[in-house]
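Trainee: The following block contains the structure, expressed as structure tokens.
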Amino acid sequence: MKKLHALKNAKRKAVSTIIATLLMVAVAATGGTALFGFSQGFFNEQQVGAPAGLEQLEVTGFDATDSNDRKLHNANIDNGTGTHTTGEGKLAEGDRVYIYLLNKGSNPVAINELRFAGISYAHQLTASASEIDGTVATESVSSSVPALPVRTSFVLIETGDETSTDKIPELEPGQEVTIVLTLDDPIKIGRDAQLKITTAAGTEFTDVINIGQLDD
1 MKKLHALKNA
11 KRKAVSTIIA
21 TLLMVAVAAT
31 GGTALFGFSQ
41 GFFNEQQVGA
51 PAGLEQLEVT
61 GFDATDSNDR
71 KLHNANIDNG
81 TGTHTTGEGK
91 LAEGDRVYIY
101 LLNKGSNPVA
111 INELRFAGIS
121 YAHQLTASAS
131 EIDGTVATES
141 VSSSVPALPV
151 RTSFVLIETG
161 DETSTDKIPE
171 LEPGQEVTIV
181 LTLDDPIKIG
191 RDAQLKITTA
201 AGTEFTDVIN
211 IGQLDD
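Per full-length UniProt numbering, the very first residue in the sequence shown carries number 1; after that it's consecutive.
Here it is, written out as structure tokens:
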């Protein structure tokens, strides 16, 4: 009888151990599921909320044609602001490239540095839209009147007759502008020139401008 009783106790202990193990597995699985659900919810909330604070710039088009007239982001035409170099297959030094830039984010974006085709361009405060428009913009009327913007410089045309006067040019949320930059070196038609913009916050944006093309 003692032996039989001992066997019964052993069976009960074995069953108890199995039940305890199953309970532990169930608790662990439930806890893991809850933790996974919480973490998914947390990361989803973070992803949904993150873009609101991100800087978002987009090149919406450009006019890099070899022509006398150039097109702005608002479809206005700048007459005589380009240099048409017939048969040379290039944009000449002193010629201009027009690039349309849009701030798609919810925060202002300040342009700290602009590079085009590997060359750094400085923002020129002294050029107004009226000075850019017309023959003065293409080449100097005389040796004492420089073309505007000067070579390796750029301006932001905000409207048809207004340029940015900020030392560090800034785009407001939803604002679209035209960057007008003056080349220091000729660029061959058909070449892809990289545009690189670094913001005051340190964000970098890059895009490719097809020389000789109009993308509006």
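For glycine and all other residues, C-beta sits at the position ideal for the given N, C-alpha and C.
Hey, quick one: how far does the beta strand (DSSP E) through ASN68 stretch, first residue to last?
Mentor: In the sequence shown, the residue the question calls residue 68 occupies position 68. Run containing ASN68: none; DSSP gives neither H nor E here.
Trainee: For VAL155, collect the residues of the same chain with a Cβ closer than 6 angstroms to its Cβ; drop the 5 residues on either side in sequence, then sort them by chain order.
Mentor: If you number the sequence shown from 1, residue 155 lands on position 155. So the qualifying residues of the chain are GLN124, ALA127, PRO149, THR163 and VAL180.
Trainee: Could you check whether the Cβ of PHE62 sits closer than 8 angstroms to any Cβ belonging to chain B?
Mentor: No chain B is present in this structure, which holds just one protein chain.
Trainee: Straight-line CA distance for LEU91 to ASP69?
Mentor: For the purposes of this step, residue 91 is taken as residue 91 along the sequence shown, with counting starting at 1. For the purposes of this step, residue 69 is taken as residue 69 along the sequence shown, with counting starting at 1. LEU91 and ASP69: Cα-Cα distance of roughly 13 angstroms.
Trainee: Just to check my reading of the structure: GLU176 and LEU101 have Cβ atoms closer than 8 angstroms, yes? What is that Cβ distance to the nearest angstrom?
Mentor: Numbered from its first residue, the sequence shown carries residue 176 at position 176. Numbered from its first residue, the sequence shown carries residue 101 at position 101. Right, their Cβ atoms sit about 7 angstroms apart.
Trainee: Can you tell me which residues form a DSSP beta bridge with ASN210?
Mentor: The residue labelled residue 210 in the question sits at position 210 within the sequence shown. Per DSSP, ASP192.
Trainee: Taking C-alpha atoms, which residue in ILE211, ILE168 and ASP185 lies nearest to THR198?
Mentor: Numbered from its first residue, the sequence shown carries residue 198 at position 198. Checking every option, the nearest Cα to that of THR198 belongs to ILE168.
Trainee: Any idea which residues DSSP pairs ARG115 with across the strands?
Mentor: Here residue 115 refers to the residue found at position 115 of the sequence shown. Paired residues: SER120 and LYS196.
Trainee: Determine the direct distance from the alpha carbon of THR159 to that of ALA75, and round the result to whole angstroms.
Mentor: Here residue 75 corresponds to residue number 75 of the sequence shown, with the count starting at 1. Here residue 159 corresponds to residue number 159 of the sequence shown, with the count starting at 1. If you take the alpha carbons of ALA75 and THR159, they lie about 11 angstroms apart.
Trainee: Under the DSSP definition of a beta bridge, which residues are partnered with LEU183?
Mentor: Taking the sequence shown and counting its residues from 1, the one referred to as residue 183 is at position 183. BP columns for LEU183 are empty, so no partner.
Trainee: Would DSSP call ASP216 helix, strand or coil?
Mentor: Against the sequence shown, residue 216 aligns to sequence position 216. ASP216: coil per DSSP, three-state reduction.
Trainee: Please work out which residues of its chain come closer than 6 angstroms, Cβ to Cβ, to THR60, disregarding the five sequence neighbours upstream and downstream, and give them in chain order.
Mentor: Counted from its first residue, the sequence shown places residue 60 at position 60. Correct list, in chain order: TYR100 and LEU102.
Trainee: For GLU93 and SER67, I'd like the C-alpha separation in whole angstroms.
Mentor: For the purposes of this step, residue 93 is taken as residue 93 along the sequence shown, with counting starting at 1. For the purposes of this step, residue 67 is taken as residue 67 along the sequence shown, with counting starting at 1. C-alpha separation (whole angstroms): 14 angstroms.
Trainee: Indicate whether VAL208 and GLU170 have their beta-carbon atoms separated by less than 8 angstroms.
Mentor: The residue you call residue 208 lines up with position 208 of the sequence shown. The residue you call residue 170 lines up with position 170 of the sequence shown. Not in contact: VAL208 and GLU170 (Cβ atoms no closer than 8 angstroms).
Trainee: Got a sec: does the ligand FAD put a non-hydrogen atom nearer than 7 angstroms to the Cβ of SER153?
Mentor: Among the ligands in the structure shown, none appear at all, so the ligand FAD cannot be discussed.
Trainee: Here's the rule I'm using: 16 or more other beta-carbon atoms within 10 Å means buried, otherwise exposed. How should ILE77 be labelled?
Mentor: Numbered from its first residue, the sequence shown carries residue 77 at position 77. Label assigned to ILE77: exposed.
Trainee: Pull up the distance between the alpha-carbon of ASP216 and that of ILE157, whole angstroms please.
Mentor: Along the sequence shown, one-based indexing puts residue 216 at 216. Along the sequence shown, one-based indexing puts residue 157 at 157. So the alpha carbons of these two residues sit roughly 16 angstroms apart.
Trainee: Rounded to the nearest angstrom, what separates GLY118 and VAL97 at their Cα positions?
Mentor: For the purposes of this step, residue 118 is taken as the residue at position 118 of the sequence shown. For the purposes of this step, residue 97 is taken as the residue at position 97 of the sequence shown. Cα-Cα distance, rounded: 15 angstroms.
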